[in-house]
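Reviewing the structure listed below.
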Amino acid sequence: MIVGGGGGASKGNVTFASSTGDDHGRGRMIEMGSRRVSYSSEHEDASKATPAPASSCMLMPESPCRIAWDSIMMVAVVYSFTVIPFQFAFLPSSSVSLDNVVADGLFLLDIVVQFFSAQTTSSGEVLVHRRASVLYYVKGWFAVDLVSSVPYSFIALSSDMHPNIDGVFIPVNVLRLTRLFKALKAIRMRGNFTNAEFSTRMHPGVARFLRLSFTVFIVGHISACLWYFIGKAYDHSPDSWIQRVWTNGAAIKDHNAFERYVISMYFAFTTLTTVGFGDLTPKTRPEMVFAMLLFVIGVLLFSYTMANVTSLFYEYDRETRKYRDRMSALILFCRSAHLTPPVERQVVHQMSREWRHVPMSHDWETVRLELPSELRFLIMWDCHAATLKVARPFALLQANDLDDVHRKLIASIQPFHAVRGQIIGRAGEPCKGLYIVARGTVEQTAKANGQQVALYNHGNCFGEVGLLLSRAALWPSTFTCKTASQLLYISADDFFDAVSESDAAREMFVQRAHSKLARLRALGSATDIRATPADERSRPAAAAAAGSVPNGLRPANLAEIETALSRLAADLVQVQSLLTNFTSTPAQTS
Numbered sequence: 001m002i003v004g005g006g007g008g009a010s011k012g013n014v015t016f017a018s019s020t021g022d023d024h025g026r027g028r029m030i031e032m033g034s035r036r037v038s039y040s041s042e043h044e045d046a047s048k049a050t051p052a053p054a055s056s057c058m059l060m061p062e063s064p065c066r067i068a069w070d071s072i073m074m075v076a077v078v079y080s081f082t083v084i085p086f087q088f089a090f091l092p093s094s095s096v097s098l099d100n101v102v103a104d105g106l107f108l109l110d111i112v113v114q115f116f117s118a119q120t121t122s123s124g125e126v127l128v129h130r131r132a133s134v135l136y137y138v139k140g141w142f143a144v145d146l147v148s149s150v151p152y153s154f155i156a157l158s159s160d161m162h163p164n165i166d167g168v169f170i171p172v173n174v175l176r177l178t179r180l181f182k183a184l185k186a187i188r189m190r191g192n193f194t195n196a197e198f199s200t201r202m203h204p205g206v207a208r209f210l211r212l213s214f215t216v217f218i219v220g221h222i223s224a225c226l227w228y229f230i231g232k233a234y235d236h237s238p239d240s241w242i243q244r245v246w247t248n249g250a251a252i253k254d255h256n257a258f259e260r261y262v263i264s265m266y267f268a269f270t271t272l273t274t275v276g277f278g279d280l281t282p283k284t285r286p287e288m289v290f291a292m293l294l295f296v297i298g299v300l301l302f303s304y305t306m307a308n309v310t311s312l313f314y315e316y317d318r319e320t321r322k323y324r325d326r327m328s329a330l331i332l333f334c335r336s337a338h339l340t341p342p343v344e345r346q347v348v349h350q351m352s353r354e355w356r357h358v359p360m361s362h363d364w365e366t367v368r369l370e371l372p373s374e375l376r377f378l379i380m381w382d383c384h385a386a387t388l389k390v391a392r393p394f395a396l397l398q399a400n401d402l403d404d405v406h407r408k409l410i411a412s413i414q415p416f417h418a419v420r421g422q423i424i425g426r427a428g429e430p431c432k433g434l435y436i437v438a439r440g441t442v443e444q445t446a447k448a449n450g451q452q453v454a455l456y457n458h459g460n461c462f463g464e465v466g467l468l469l470s471r472a473a474l475w476p477s478t479f480t481c482k483t484a485s486q487l488l489y490i491s492a493d494d495f496f497d498a499v500s501e502s503d504a505a506r507e508m509f510v511q512r513a514h515s516k517l518a519r520l521r522a523l524g525s526a527t528d529i530r531a532t533p534a535d536e537r538s539r540p541a542a543a544a545a546a547g548s549v550p551n552g553l554r555p556a557n558l559a560e561i562e563t564a565l566s567r568l569a570a571d572l573v574q575v576q577s578l579l580t581n582f583t584s585t586p587a588q589t590s
């Protein structure tokens, strides 16, 4: 559940002004052209009290400012993993660079930003009220952020100048070691790295491979830095590895920082991979202990690497596999549909947050059904706005302020591609839905002689006659794709479920169907179609043919059924009277 939040997307004079949570109990505001239309939930009760507004000056998780700040902090965390260990091992202890000062400032400022940001709980709820958000942050990640935000570089610099403060000796190397605490920030930022992995700009497999490569590099990098630091700490001993290793006629400690780093990296990877050529060996006890630790880490890293490489082909964890499959299908759909960046981000971020806690199935049709109707509407409008704007029924729905029906029909669209010569509907067969031509040409031919009746191009609709005016929901003519086409399909169930909420919408579609039927009769191609009376225009013939009867559509012979039930009730009263007389007769005789 999402409490509060906001986002925006625009394409073709359509702006998604606000979006909140699921479909129940919240309203939506869509701006179409020059007028703003408020879409309310189908189950929304106007009498219910609206939720309290969010606290002022709160950064929402999906706001552009918060996304930009999180991106900056991700760079700072990567800096903590790479540059700080290098400086810690290979540079003089008295050096404090500008990048250290900037990193310390960013980490301190991030604590302030978190107090003014809406926190997201483990269940996916966004806390938009300041008191609840601050309490959740203090009880959670505040301690980690505080430890990682202490400016250890200045403390280490002060200890270099004053190694004995108030009679207490502070080892300089111990203080420098505390700078590595900044890497703890990555624990809280792991959700941001996960969102970066599931980016619509990169294939999920490539993203996972890059994550694995980065993890291996970071482990090797930190191991190399610690290996050189241990050698430098015991450089007074002739057994220290930096005293024993010579290259190019000089000891390694006399080379520049880059050459020392390359040699340390070489030892780290030969040890982690359990290869060990024997040219660099530990001799002091600290070096031996660290080498044994690297052996253990190397085994774990090897197992981690093999597991991830294998999972690129087959995900061994069931729930993770479902989540990744869902996200991969969604990302590939967004890429193939060429959605605008705001819509892409909203779809991917919202569904990533929801699917992370809900098991999903595998086929895309199930994914489509699991998307909230709000997102389905947004996706379909973003992909097919040019078609829907010129489609006559949808234009009439907008013109008559039937926005709820308009939104629901668009959310029910199922696009599909048809090849040349493919028959969409054959005369006399069940009509299972409404079709809109998005691309290509569809030909309508008469049932009797196969003569061409009409051609349907971009934005034209067909299927109303069979759905609304045929008692058995049959196609009046045959519809065949004259060229390779893309069609937008709305099933009979979805169509009747949407139009049954508005008498005006139902009458509008019925009038359009009567107009088409009149043209067909004028051409002599629909003599077998008999229009239903006015009181039967809501008869769900097509829905019954599809196997279900939508809610809100009453049968045409309801009056006859009520009369029959009244007669049956009267007959039951008479039968009950006869039974009473029958049971009382023996008593009187005796």
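Position 187 of the sequence shown, counting from 1, maps to 187 under UniProt numbering, and the rest follow consecutively.
Built from N, CA and C at the ideal position, the CB exists for glycine as well.
* Asked: Who pairs with phenylalanine 267 in a beta bridge, going by DSSP?
  -> The partner list for phenylalanine 267 (beta bridge, DSSP) is empty, contrary to what the question assumes.
* Do tyrosine 435 and glutamine 444 come within 9 angstroms of each other at the CB atom, strictly closer than that value? -> no
* **Beta-carbon proximity list for valine 219, same chain, < 8 angstroms, skipping 5 on both sides** => Leu272, Ile297, Leu301
* **Whole-angstrom distance between proline 238 and isoleucine 263, CA atom to CA atom** => 19 angstroms
* Asked: From this set, Asp254, Leu378, Asp325, which residue's C-alpha is nearest arginine 345's C-alpha?
  -> Leu378
* **Environment of serine 303 [buried if 16+ CB atoms lie within 10 Å]** => exposed
* Assign glutamate 443 to one of three DSSP states: helix, strand, or coil. => strand
* Applying the criterion that 16 or more other CB atoms from any shown protein chain within 10 Å of the CB defines a buried residue, is cysteine 383 buried or exposed? -> buried
* Around the C-beta of isoleucine 72, are 16 or more other C-beta atoms found within 10 angstroms, so that it is buried, or is it exposed? -> exposed
* Asked: Taking Cβ to Cβ, would you say alanine 504 is nearer than 9 angstroms to leucine 375?
  -> no
* Asked: Ends of the beta strand (DSSP E) at serine 71?
  -> Not the beta strand (DSSP E): serine 71 falls in the alpha helix (DSSP H), residues 64–90.
* Can you find at least 3 beta carbon pairs, one from the region 469–477 and one from the region 411–421, that sit closer than 8 angstroms? -> no
* Report the partner residues of threonine 215 according to the DSSP bridge assignment. => Note: threonine 215 sits in no beta bridge, so no partner.
* To do: Taking the CB atoms as reference points, tell me whether arginine 356 and tyrosine 323 lie closer together than 9 angstroms.
  => yes
* Asked: DSSP three-state call for tryptophan 246: helix, strand or coil?
  -> strand
* **Cβ separation of serine 477 and alanine 427, assumed to be a contact under 8 angstroms, to the nearest whole Å** => 5 angstroms
* Based on the DSSP secondary-structure assignment, which residues constitute the bridge partners of proline 430? -> Leu474
* Asked: To the nearest angstrom, how far is it from the Cα of cysteine 431 to the Cα of leucine 312?
  -> 44 angstroms
* Of the listed residues Val245, Val134, Asp145, Pro61, nearest to alanine 76 (C-alpha basis) -> Asp145
* Let me know the secondary structure DSSP gives phenylalanine 462 once reduced to three states. => strand
* **Continuous beta strand (DSSP E) stretch holding alanine 448: start and end** => Looking at the DSSP string, alanine 448 is not in any beta strand (DSSP E), and its letter there is neither H nor E.
* **Buried versus exposed, by CB contacts within 10 Å (16 or more), arginine 28** => Summary for arginine 28: the model assigns pLDDT 37, below 50, so the residue's position carries little reliability; its value from the coordinates is reported in the next sentence. By the neighbour-count rule (16 or more Cβ atoms within 10 Å), arginine 28 is buried.
* Run through DSSP, which three-state label would tyrosine 234 get? -> coil
* Please work out which residues of its chain come closer than 7 angstroms, Cβ to Cβ, to valine 134, disregarding the five sequence neighbours upstream and downstream, and give them in chain order. => Phe115
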